[in-house]
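Everything below concerns the one structure shown next.
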Amino acid sequence: MAKKQKNKHDAVIGIDIGGTGIKGGIVDLNKGKLIGDRFRIPTPQPATPEAVAGVVGQIVAELSSRPEGPGTEVPVGVTFPAIIQHGVARSAANVDKSWVDTDVDALLTKALNREVQVMNDADAAGLAEARYGAGKGVGGTVLVITLGTGIGSALISNGALVPNAELGHLEIDGVDAESRASASARERDNISWEEYAHRLQRYFSHVEFLFSPDLFVIGGGISKRSEDFLPMLDLRTPVVTANLKNNAGIVGGALQAALHFNYVK
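By our numbering, the letter at position 101 of the sequence shown is numbered 89, and the numbering carries on one by one without gaps.
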């Protein structure tokens, strides 16, 4: 078996668990970019803890077998579509409900036989954007908001993540914000970009009042159409679109693991 290369690039494996697919990559933490290709396996159905842990193990094994793959002494970062409190899932979105109150950290640490750090998927994407993407170099408060099936959010304060800021579930005008202002809400209600911008204005104005952020970063697939709604928003806070796209979760997960275990500063 070929001898592993020295971990020259501060390389850490990141795994992004989603409702339809589980994907991973080797992240160069100096650049915030993937080394080589991502590796993806469809999410097992039903997506029980044991089944998902098995797939995560397969992905980590494949990535670790590559010449540039980090050794077992290097931690693995994992993102999960749930509220994660001290490694424990407190909700379950697009995965089996048996995940609720599961110690995801302990489960995957045992399955992989190496140190693991688990975090919310939106938090991971936000941390990656703040460190390497659209929020790089911005001090103070950065809010990364993803507009998709729901509204995901990440709150970054002077480069540090404040976890589990579920700002998509703020109640505005008597309803859950994401039920009105998510990308899926726009499609469901078949509204114009102008009407959608009106809904976003109501949402972002409220969030701006609560947090007085220094920057909004908008992610999610709809950010590709930002020219259709961003010019219509009237906010004090600068608003930009996310840079890292589909790799943000993998990059952020790897970064958080490295930070947690003092692998990088």
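By construction, the Cβ of each residue, glycine as well, lies at the ideal position given by its N, Cα and C atoms. Quantities reported herein were computed from a predicted structural model and do not represent experimental measurements.
Note down, one range per segment and in chain order, each alpha helix (DSSP H) of at least 4 residues found wholly within the segment 26 to 104. 37 to 52, 92 to 100
Just tell me which of 128, 127, 157, 86 has its CA closest to the CA of residue 141. Against the sequence shown, residue 141 aligns to sequence position 153. Closest option to residue 141, Cα to Cα, is 157.
Which residue from 172, 143, 167 puts its Cα closest to that of residue 210? By one-based count along the sequence shown, residue 210 stands at place 222. Per the Cα distances, 172.
If I'm right that residue 10 touches residue 43 with Cβ under 8 angstroms, what's the distance once you round it to whole angstroms? For the purposes of this step, residue 10 is identified with residue 22 of the sequence shown, where counting begins at 1. For the purposes of this step, residue 43 is identified with residue 55 of the sequence shown, where counting begins at 1. Indeed they touch by this definition, with Cβ atoms about 5 angstroms apart.
Between the C-alpha atoms of residue 178 and residue 220, what's the straight-line distance to the nearest angstrom? Position 190 of the sequence shown holds residue 178. Position 232 of the sequence shown holds residue 220. Their backbone Cα atoms lie some 18 angstroms apart in a straight line.
Residue from 159, 188, 203 with nearest C-alpha to residue 127: The sequence position of residue 127 within the sequence shown is 139, counting from 1. Answer by Cα proximity: 203.
How many Å lie between residue 111 and residue 65 at the Cα? On the sequence shown, position 123 is the one that residue 111 refers to. On the sequence shown, position 77 is the one that residue 65 refers to. Cα-Cα distance, rounded: 12 angstroms.
The ligand FMN heavy atom lying under 7 angstroms from the CB of residue 0: Absence of the ligand FMN is noted for the structure shown, with no ligands found whatsoever.
To which residues of the same chain is residue 22 closer than 8 angstroms at the C-beta, ignoring the five residues directly before and after it? On the sequence shown, residue 22 is found 34 positions in, with the first residue counted as 1. So the list reads 13, 14, 15, 16, 235, 238, 239, once near-sequence residues are dropped.
In the DSSP assignment, find the alpha helix (DSSP H) that holds residue 204 and state where it starts and stops. Here residue 204 is taken as the residue at index 216 of the sequence shown, counted from 1. Element bounds for residue 204: not the alpha helix (DSSP H) but the beta strand (DSSP E), 203 to 207.
Please classify residue 109 as buried or exposed, where buried requires at least 16 neighbouring CB atoms within 10 angstroms. Stepping through the sequence shown from its first residue, residue 109 is reached at position 121. So residue 109 ends up on the buried side.
Strictly by DSSP, which residues pair up with residue 107? Reading the sequence shown from its first residue, position 119 is the one you call residue 107. DSSP, once it has assigned bridges, lists 67 as partnering residue 107.
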